[in-house]
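Quick note on the numbering used here: the sequence shown kicks off at 676 and runs consecutively.
In this text, a Cβ means the ideal position worked out from N, Cα and C, and glycines have one as well.
In this text the structure is predicted, and so the values were computed from the model without any measurement.
What follows is a single structure, written as structure tokens, with notes after it.
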Amino acid sequence: MNKAINNTNIDLDSEELDHINIGTINKVSRSEFIGGQRDFKELLQYIIPHLVQENVLSVDDPTLHIRISGDGRNVGRKVKHVMITFMILNDIKNHHIPNYHHTVILYPRVEKYEPLEFILNLLINDLRDLKNNGLNIANTLWHFGLYFSSNWKFLAICLGLNSANSNHFCAWCLCSKCEIGNIKQDW
Numbered sequence: 676m677n678k679a680i681n682n683t684n685i686d687l688d689s690e691e692l693d694h695i696n697i698g699t700i701n702k703v704s705r706s707e708f709i710g711g712q713r714d715f716k717e718l719l720q721y722i723i724p725h726l727v728q729e730n731v732l733s734v735d736d737p738t739l740h741i742r743i744s745g746d747g748r749n750v751g752r753k754v755k756h757v758m759i760t761f762m763i764l765n766d767i768k769n770h771h772i773p774n775y776h777h778t779v780i781l782y783p784r785v786e787k788y789e790p791l792e793f794i795l796n797l798l799i800n801d802l803r804d805l806k807n808n809g810l811n812i813a814n815t816l817w818h819f820g821l822y823f824s825s826n827w828k829f830l831a832i833c834l835g836l837n838s839a840n841s842n843h844f845c846a847w848c849l850c851s852k853c854e855i856g857n858i859k860q861d862w
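Structure representation (structure tokens):
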């Protein structure tokens, strides 16, 4: 699969390093600001025929349910990475097997809005196109149900919302953190 899918390197502009250890900086300096992205549609064009062949998907019901998830993680103590993966929810027996969670984006950086906005741009356009127009594979138009899963921090950053510990944390109301316990308030 790695040979069939194009991988794109994304050069993120350099910011100050989060690292304290000079040895760590030297080891990762060549790749510190290069992220990797796989073409989402090419991944699906590769995976869907295999799932049809294994009778996981049927051309009689050409609907795929895809979960997209992302999070930041530490690699070692000092190097931080952000990874965005997807899995096909139709493949019920393989939900908990790591080989069926496909990496779409991986880049070395902390979770911040600006780099996420930049690196997610192509993926968001692909997802919008898949949701609105579907994907034609072997004369079958596949439709998509998209589901997003992540922790509050990652989702809030992606959507540009306030963090969970901010004064006005709720995405749906104007309740402040100091008013949350006021049961006499008419919300």
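Three CB pairs or more closer than 8 Å across the region 736-746 and the region 758-777: As far as the Cβ criterion goes, the region 736-746 touches the region 758-777, which means the pair count is three or higher.
Exposed or buried, what is V785 when buried is set at 16 or more other beta-carbons lying within 10 Å of its beta-carbon? That one is exposed.
V731 by DSSP, collapsed to three states: which one? Coil.
Buried or exposed, going by whether 16 or more other CB atoms sit within 10 Å of the CB of P773? Result: exposed.
Note down, one range per segment and in chain order, each beta strand (DSSP E) of at least 3 residues found wholly within the region 724-792. For the region 724-792, whole beta strand (DSSP E) runs of length 3 or above, ordered along the chain, are 738-750, 754-763, 777-782.
Look at the alpha carbon of P737 and the alpha carbon of I858, and state the distance between them as a whole number of angstroms. Each residue's alpha carbon lies about 48 Å from the other.
Below 8 Å between beta carbons: does that hold for K753 and G747? Taking 8 Å as the Cβ cut-off, K753 and G747 do not qualify as a contacting pair.
Chain-order list of residues whose beta-carbon lies under 7 Å from that of N872 (same chain, five-residue window excluded): The requested residue 872 does not occur in the structure, where the chain is confined to residues 676 to 862.
Which of helix, strand or coil does DSSP assign to F829? When secondary structure is reduced to three states using DSSP, F829 falls in the helix class.
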